[in-house]
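Line order of the protein sequences matches chains A and B.
So for the first sequence, my numbering puts the first residue at 1; every next one is plus one.
So for the second sequence, my numbering puts the first residue at 369; every next one is plus one.
The beta carbon of each residue, even a glycine, is placed where N, CA and C say it ideally should be.
All figures in this text were calculated on a predicted structure; none of them were measured in a lab.
Single-structure report; data block below.
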Amino acid sequence: MSDVSEEIEDQALPLDGWHRALGARMVSFAGYHMPIQYEGIIAEHLWTRTHAGLFDVSHMGQLTISGEGADVALEALLPGDIKGIAPGRIRYSLLLADNGGILDDLMVTRLPSGELYVVVNGATKYDDIAHMHEHLPEEVTLNHMDEHALLALQGPEAVTALKRILPGVEVMTFMTAGAFDWDGVPLWISRSGYTGEDGFEISVPAERAVDLAERLTAEPEVKPIGLGARDSLRLEAGLPLYGHDLDPETTPIMADLGFALPKRRREEGGFPGAERILIEREQGPVQKRLGLLIEGRQPVREGGVVLDGEGNAVGRITSGGFSPSLERPIAMAYMPPSLGPTVQLEQRGKIFQATVTPMPFVPHRYHR
Amino acid sequence: MTLYFTKDHEWISVEGGSATVGITDYAQAQLGDVVFVEVPPAGTQVSKGKEAAVVESVKAASDVYAPVSGEVTEGNAALEADPALVNSSPEGDGWFFKLTLSDPGELDGLMDAAAYKAFVDGL
Numbered sequence: 001m002s003d004v005s006e007e008i009e010d011q012a013l014p015l016d017g018w019h020r021a022l023g024a025r026m027v028s029f030a031g032y033h034m035p036i037q038y039e040g041i042i043a044e045h046l047w048t049r050t051h052a053g054l055f056d057v058s059h060m061g062q063l064t065i066s067g068e069g070a071d072v073a074l075e076a077l078l079p080g081d082i083k084g085i086a087p088g089r090i091r092y093s094l095l096l097a098d099n100g101g102i103l104d105d106l107m108v109t110r111l112p113s114g115e116l117y118v119v120v121n122g123a124t125k126y127d128d129i130a131h132m133h134e135h136l137p138e139e140v141t142l143n144h145m146d147e148h149a150l151l152a153l154q155g156p157e158a159v160t161a162l163k164r165i166l167p168g169v170e171v172m173t174f175m176t177a178g179a180f181d182w183d184g185v186p187l188w189i190s191r192s193g194y195t196g197e198d199g200f201e202i203s204v205p206a207e208r209a210v211d212l213a214e215r216l217t218a219e220p221e222v223k224p225i226g227l228g229a230r231d232s233l234r235l236e237a238g239l240p241l242y243g244h245d246l247d248p249e250t251t252p253i254m255a256d257l258g259f260a261l262p263k264r265r266r267e268e269g270g271f272p273g274a275e276r277i278l279i280e281r282e283q284g285p286v287q288k289r290l291g292l293l294i295e296g297r298q299p300v301r302e303g304g305v306v307l308d309g310e311g312n313a314v315g316r317i318t319s320g321g322f323s324p325s326l327e328r329p330i331a332m333a334y335m336p337p338s339l340g341p342t343v344q345l346e347q348r349g350k351i352f353q354a355t356v357t358p359m360p361f362v363p364h365r366y367h368r
Numbered sequence: 369m370t371l372y373f374t375k376d377h378e379w380i381s382v383e384g385g386s387a388t389v390g391i392t393d394y395a396q397a398q399l400g401d402v403v404f405v406e407v408p409p410a411g412t413q414v415s416k417g418k419e420a421a422v423v424e425s426v427k428a429a430s431d432v433y434a435p436v437s438g439e440v441t442e443g444n445a446a447l448e449a450d451p452a453l454v455n456s457s458p459e460g461d462g463w464f465f466k467l468t469l470s471d472p473g474e475l476d477g478l479m480d481a482a483a484y485k486a487f488v489d490g491l
């Protein structure tokens, strides 16, 4: 064939055929074929807010980091308190470049064995692995669990459905995790998610992923939900998406993720970009991630521009769309924190009025 | 009344010198949930193949092109309050605008229903 292409073909994930059999519309995402929607984004979004949605997030990278001093070694790459994570506890953290720019956001759990279980974004996982290989010492072992799928069950009825299958999950609280046995299949279950709702993320051996997805969707509370609703749900929850709201040009302070800088690490420093980040924390960032409610019905999306009183471009929209729960357009922007509360936006030559508003747009309902 | 279709997935229903324009059922299914529609007000001059309206789904914004040139006589005001009409009735209540044709010859080359169906089946 004369058609020489440099592009790498999208890969199929363990649930690929299952999604297609359910009539999902598949799109290319993070190098994989992924379901963007089944019956429709708004219906799926509202179902998750009222019942329970099952999301296939197997594109995400699941890693284990083990060996003597693994936690101390990881602390050299991110600002989290990794040493202080007790077994079965989860922390949100940020992989940082030397200048303090964000390379990825991730979740770190300490397993009962003492090893660290790390979940990173799908689009960045190979870069993350390369970065960790380069920076972690010899005695620390990095393992990519690419034989595991990851399912997220999210929504106020997630616990009702899951405890019927796996009694005991209901006692876990937000940001804790544990091992469960499902008819001989080992599962690692975290009470966490990316929708703002209560819910679970379930790591399952890839060869049993279809069985588990079938079992979960057999519960009356549970429907499969695509990436489209995953994006609108996380936007309402005020949660940033890597590659859009976070990137190497943004820092934890600009991104309003100061909670990921615990006291001990702020006092000790010793994480990439510590000097810049700690000064920025003291002085306040020039640009900050803020939430916007947009007037009218037309969404202002990523790439939209924030204007100051004189009409100068002073900020940018990094995520924007229609909120199915609020039935109005919402957005996240990087802009000077002093601007507002009302601001003007520009998209494709048209001016929009918006109001800076605290995030989340829709309250979190975690099980604490 | 004669119905024509474009490769950009608009339909145009022509009766004498006037016509009604909308997007096809295939187009609405591809867009998904429609959350905003901007239609041209009466008096707007539209040109064949040029942007005439905007339709936004949860996922993305898309331009709707004028299938023929002419002067808009009415935009569908119902879409402002209920953009989901485009999903529920794309070739009925979800029409976008009506216009007076300036050059009926522009209809030549548009597809009929059978040709459009064959076009969509080939996508």
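Inset, instruction - Could you check which residue in Arg276/A, Leu22/A, Arg289/A has the C-alpha nearest to that of Thr357/A? - result: Residue numbering aside, residue 357/A sits at position 357 when the first sequence is read from its first letter. It is Arg289/A.
Legend entry - Cβ-based contacts, 9 angstroms cut-off: residues of the stretch 216 to 232 of chain A near chain B: Gly228, Ala229, Asp231, Ser232
Inset, instruction - Per DSSP, which residues does Asp461/B bridge with? Please list them. - result: Here residue 461/B corresponds to residue number 93 of the second sequence, with the count starting at 1. DSSP, once it has assigned bridges, lists no residue as partnering Asp461/B.
Legend entry - Same chain only: Cβ atoms within 8 angstroms of Leu216/A, ignoring 5 sequence neighbours per side: For this step, residue 216/A is matched to residue 216 along the first sequence. So the qualifying residues of the chain are Leu54, Leu151, Leu153, Ala161, Leu162, Ile165, Val222.
Inset, instruction - Mark Ala396/A as exposed unless 16 or more other C-beta atoms lie within 10 angstroms of its C-beta, in which case mark it buried. - result: Absent from the structure is residue 396/A, since the part of chain A shown begins at 1 and ends at 368.
Legend entry - Within 8 angstroms, strictly: CB atoms of Ser113/A and Ala260/A: Reading the first sequence from its first residue, position 113 is the one you call residue 113/A. Reading the first sequence from its first residue, position 260 is the one you call residue 260/A. Cβ atoms of Ser113/A and Ala260/A: not closer than 8 angstroms.
Legend entry - Under 7 angstroms from the C-beta of Phe271/A: neighbouring residues of chain B: Taking the first sequence and counting its residues from 1, one reaches residue 271/A at position 271. When 7 angstroms is used as the limit between beta carbons, Phe271/A is near no residue of chain B, the shortest such separation being about 37 angstroms.
Legend entry - Proximity winner among Asp105/A, Arg25/A, Met60/A, relative to Leu239/A (alpha-carbon distances): For the purposes of this step, residue 239/A is taken as residue 239 along the first sequence, with counting starting at 1. When only C-alpha atoms are compared, the closest one is Asp105/A.
Inset, instruction - Kindly indicate which three-state DSSP category Lys263/A falls into: helix, strand or coil? - result: Taking the first residue of the first sequence as position 1, residue 263/A is located at position 263. Helix at Lys263/A.
Legend entry - Beta-carbon spacing of Gln347/A, Val300/A below 8 angstroms: In the first sequence, counting from the first residue as 1, residue 347/A sits at position 347. In the first sequence, counting from the first residue as 1, residue 300/A sits at position 300. Contact: yes.
Inset, instruction - Answer yes if the stretch 421 to 428 of chain B comes into contact with the stretch 396 to 409 of chain B, meaning at least three C-beta pairs across the two stretches below 8 angstroms, and no otherwise. - result: yes
Inset, instruction - Compare the C-beta of Glu459/B with all C-beta atoms of chain A and state if any pair is closer than 8 angstroms. - result: Here residue 459/B corresponds to residue number 91 of the second sequence, with the count starting at 1. No - not a single Cβ of chain A is within 8 angstroms of the one on Glu459/B.
Inset, instruction - Just mark Ile351/A as buried or exposed, buried being the case when its beta carbon has 16 or more other beta carbons within 10 Å. - result: Mapped onto the first sequence, residue 351/A falls at position 351. By the neighbour-count rule (16 or more Cβ atoms within 10 Å), Ile351/A is not buried but exposed.
Legend entry - Val414/B (DSSP reduced to helix, strand or coil): Your numbering for residue 414/B matches position 46 in the second sequence. In the structure shown, Val414/B sits in a strand (DSSP, three-state: E or B).
Legend entry - Backbone CA spacing between Ser2/A and Met26/A [nearest angstrom]: Indexing the first sequence from 1 puts residue 2/A at position 2. Indexing the first sequence from 1 puts residue 26/A at position 26. Because Ser2/A sits at a pLDDT of 41, beneath the cut-off of 50, its placement in the model cannot be relied upon, and the point is left open.
Legend entry - Within 8 angstroms, strictly: CB atoms of Gly296/A and Ile317/A: Position 296 of the first sequence holds residue 296/A. Position 317 of the first sequence holds residue 317/A. Contact: no.
Inset, instruction - Could you tell me how far apart the beta carbons of Gly449/A and Pro248/A are, in whole angstroms, since I believe they sit closer than 8 angstroms? - result: Outside the modelled stretch of chain A, which goes from 1 to 368, sits residue 449/A, for which no answer is possible.
Legend entry - N- and C-terminal bounds of the beta strand (DSSP E) containing Ser93/A: Locating residue 93/A in the first sequence gives position 93, counting from the first residue. Looking at the DSSP string, the run of the beta strand (DSSP E) that includes Ser93/A is 90 to 96.
Legend entry - Close Cβ partners of Val120/A (< 6 angstroms) along its chain, the five nearest in sequence each way excluded: One-based indexing of the first sequence puts residue 120/A at position 120. Excluding residues within five positions, the ones whose Cβ falls inside 6 angstroms are Gly61, Asp104, Leu106, Asp128.
Inset, instruction - Residues of the stretch 396 to 408 of chain B with a CB closer than 8 angstroms to any CB of chain A: list them in chain order, please. - result: Gly400, Asp401, Val403, Phe404, Glu406
Legend entry - Sequence-distant residues of its chain with Cβ nearer than 6 angstroms to Gly417/B (five each side left out): Your numbering for residue 417/B matches position 49 in the second sequence. Around Gly417/B: Tyr433.
Inset, instruction - Please go through the stretch 415 to 441 of chain B and give each complete alpha helix (DSSP H) segment of 4 or more residues, from N-terminal end onward. - result: Listed in chain order, nothing qualifies, since the stretch 415 to 441 of chain B has no complete alpha helix (DSSP H) run of 4 or more residues.
Inset, instruction - Return no unless some Cβ of chain A is closer than 8 angstroms to the Cβ of Val426/B. - result: Residue numbering aside, residue 426/B sits at position 58 when the second sequence is read from its first letter. Yes, its Cβ sits closer than 8 angstroms to a Cβ of chain A.
Inset, instruction - Please check if any C-beta of chain B sits within less than 8 angstroms of the C-beta of Pro35/A. - result: As a first step, residue 35/A must be located in the first sequence, where it is residue number 35. False, the Cβ-Cβ gap to chain B never drops below 8 angstroms.
Legend entry - Any beta strand (DSSP E) of 3 or more consecutive residues that is wholly inside the stretch 213 to 291 of chain A: Contiguous beta strand (DSSP E) elements confined to the stretch 213 to 291 of chain A occur at 222 to 224, taking only those with 3 or more residues.
Legend entry - Segment contact flag, the stretch 312 to 329 of chain A with the stretch 257 to 273 of chain A, C-beta cutoff 8 angstroms, min 3 pairs: no
Inset, instruction - Verify whether the separation of the beta carbon atoms of His51/A and Phe29/A is less than 8 angstroms. - result: The count along the first sequence starts at 1 and reaches residue 51/A at position 51. The count along the first sequence starts at 1 and reaches residue 29/A at position 29. Cβ distance not < 8 angstroms, so His51/A and Phe29/A don't count as in contact.
Inset, instruction - In angstroms with no decimal places, state the Cα-to-Cα distance between Val4/A and Gln11/A. - result: Residue numbering aside, residue 4/A sits at position 4 when the first sequence is read from its first letter. Residue numbering aside, residue 11/A sits at position 11 when the first sequence is read from its first letter. In this prediction, Val4/A scores a pLDDT of 47, lower than 50, which makes its location untrustworthy; the coordinate-derived value is nonetheless stated afterwards. The straight-line gap from Cα to Cα measures roughly 19 angstroms.
Legend entry - Reduced DSSP category for Ile391/B - H, G, I as helix; E, B as strand; rest coil: Working through the second sequence from its first residue, we reach residue 391/B at position 23. The answer is strand: DSSP assigns Ile391/B an E or B state.
Inset, instruction - Reducing DSSP to helix, strand and coil, say where Lys466/B ends up. - result: Position 98 of the second sequence holds residue 466/B. In this structure, Lys466/B counts as strand in the three-state DSSP scheme.
Legend entry - Phe174/A, DSSP secondary structure in three states: Translated into the one-based positions of the first sequence, residue 174/A becomes position 174. The answer is coil: DSSP assigns Phe174/A none of H, G, I, E or B.
Inset, instruction - Please name the residues in the stretch 161 to 194 of chain A whose beta-carbon is closer than 7 angstroms to at least one beta-carbon of chain B, in chain order. - result: none
Legend entry - C-beta contact flag for Val159/A and Glu170/A at 8 angstroms: Position 159 of the first sequence, counting from 1, holds the residue named residue 159/A. Position 170 of the first sequence, counting from 1, holds the residue named residue 170/A. Going by C-beta atoms, Val159/A is nearer than 8 angstroms to Glu170/A.
Legend entry - Interface positions of the stretch 407 to 423 of chain B facing chain A (Cβ-Cβ less than 9 angstroms), listed along the chain: Flagged, chain order: Val422.
Inset, instruction - Measure the alpha-carbon distance for Ala24/A versus Gly228/A and round it to whole angstroms. - result: Working through the first sequence from its first residue, we reach residue 24/A at position 24. Working through the first sequence from its first residue, we reach residue 228/A at position 228. Each residue's alpha carbon lies about 11 angstroms from the other.
Legend entry - chain B within 8 angstroms of Met1/A, Cβ atoms only: Residue mapping note: residue 1/A aligns to position 1 of the first sequence, counting from 1. For Met1/A, the predicted structure reports a pLDDT of 38, less than 50, and the residue's modelled location is therefore unreliable. A value from the coordinates is still provided. Chain B contact via Cβ: absent.
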